[in-house]
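Colleague: Residue numbers (the numbering used here): 8 to 82. Cβ coordinates follow ideal geometry from the N, Cα and C atoms, glycine included.
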Amino acid sequence: MLLPDNIHPELTIYYNGSLVIEQLRKEDSQQLLSLYEKVKVLNDMSFSTFLLCLDWLYLIDAAYVDERGLVGLCS
Numbered sequence: 008m009l010l011p012d013n014i015h016p017e018l019t020i021y022y023n024g025s026l027v028i029e030q031l032r033k034e035d036s037q038q039l040l041s042l043y044e045k046v047k048v049l050n051d052m053s054f055s056t057f058l059l060c061l062d063w064l065y066l067i068d069a070a071y072v073d074e075r076g077l078v079g080l081c082s
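1. Less than 8 Å between the beta carbons of Leu-59 and Ile-14, yes or no?
2. List the endpoints of the continuous alpha helix (DSSP H) containing Ser-55.
3. Taking a contact to mean a Cβ-Cβ separation below 8 Å, would you say Gly-79 touches Leu-31 in this structure?
4. Quick check: what's the CA-CA separation for Ser-36 versus Val-72?
5. In whole angstroms, what is the alpha-carbon distance linking Cys-81 and Ile-67?
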């Protein structure tokens with residue numbers, strides 16, 4: 008759910024996606040699991056939420072995941 012009306016905003020895909028983008032801006036491309044560990048420290052998100060964030064960022068052409076598992080920002 009992108010914008011739920013009955014839970015805290017920090018549990019939304021928008022907010023968690025912004026945390027992923029913030030980490031990717033610090034280091035251009037990162038391994039998938041390494042990125043997850045860095046983001047998990049910030050908000051204790053589940054791996055499924057992390058994957059939903061990556062899916063959403065991919066759909067809006069904000070991020071990519073290559074065949075080696077590197078995640079990066081689209082330019």
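Modeller: Reading off the structure:
1. no
2. 54-66
3. Yes, the pair counts as a contact, with Cβ atoms nearer than the cut-off.
4. 9 Å
5. 10 Å
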